[in-house]
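The opening position of the sequence shown corresponds to residue 7 in this note's numbering, with each subsequent residue numbered one higher. To start, the structure itself, in structure tokens.
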Amino acid sequence: MSTPSPATQHPATPAVTLAVSALDLGALLCSRVCHDVISPVGAIVNGLEVLEDEDAADMRDVALDLIAKSARQASARLQFTRLAFGAAGSAGARLDLGDAEQVVRPVIEDGRTRVEWSLPRELLPKNRVKLLLNLVLLAGTTIPRGGVIRISAVGEGDATGFVLASTGEKARIPEGLQALVDGVAPEGGLDAHSVQPFYAGMLARDCAIAIRFAQDGDTVTISTPG
């Protein structure tokens, strides 16, 4: 087994932590959701414009196919973000890990990336399931060229934690990712991109667990030790 890379070493308790207002956090998460759905929605609009163009009759089938694929993609991303970022039920609600799997696969799996889901179908506290979905997004950033994300559980019941092992070519832990989930302020402050790992860290702290990253060769592991 290869020696873990320096990226697995974690800094001491951060000296500067983010203090984000509820209004700013809500706005940033809304921006993130809009970023996720604007591409497929824009493709639907483009397809409709082709259908309206009388000179593009030969492109009708292509346009209909584009609209159908983009509508499915937009729906999948909205269902995912509703659980990952939204209220997803009342305070104290519990969510089904089976439902989590159903929203993960259409968003993550494509021609380059697949998911191996080894979690039991059970109800867990809402924020613990939301944390899992956000960890899946983090796992995707570690394999920029695609690969396999293996998702398993540690512990049981309401204390269930998660291990996500992502294997792929050029796997890496993005710079600053550990700091963001630990609540360290990035240069320039939060934006619609960096708010997601920061929010994942907030969820982890609410669940009284930590998020840790480690790398061994082409595999990056994200775990939530107690």
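Positions of the beta carbon are idealized from the N, C-alpha and C atoms, including for glycine.
Query: Please work out which residues of its chain come closer than 7 Å, Cβ to Cβ, to E60, disregarding the five sequence neighbours upstream and downstream, and give them in chain order.; Result: none
Query: Quick check: what's the CA-CA separation for V109 versus A82?; Result: 7 Å
Query: If you drop the 5 nearest sequence neighbours on each side, which residues of the same chain put their C-beta closer than 8 Å to that of V201?; Result: L31, L34, L35, S37, R38
Query: Could you tell me whether the segment 84 to 93 touches the segment 117 to 131, using the rule of 3 or more Cβ pairs below 8 Å?; Result: no
Query: Could you tell me whether the segment 185 to 198 touches the segment 154 to 163, using the rule of 3 or more Cβ pairs below 8 Å?; Result: no
Query: So, are the CB atoms of V190 and G174 less than 8 Å apart?; Result: no
Query: Compare the C-alpha of S76 against each of D224, S45, A99, V56 and name the closest.; Result: S45
Query: Let me know if L70 comes out buried or exposed under the rule of 16 or more other beta-carbons within 10 Å of its beta-carbon.; Result: exposed
Query: Measure the beta-carbon distance from A80 to V47 and round it to whole angstroms, keeping in mind my assumption that it falls under 8 Å.; Result: 5 Å
Query: Tell me whether the beta-carbon of R100 lies closer than 8 Å to the beta-carbon of L125.; Result: no
Query: Take the Cβ of K176 as the centre, count every other Cβ of all protein chains shown within 10 Å, and call the residue buried at 16 or more, exposed below.; Result: exposed
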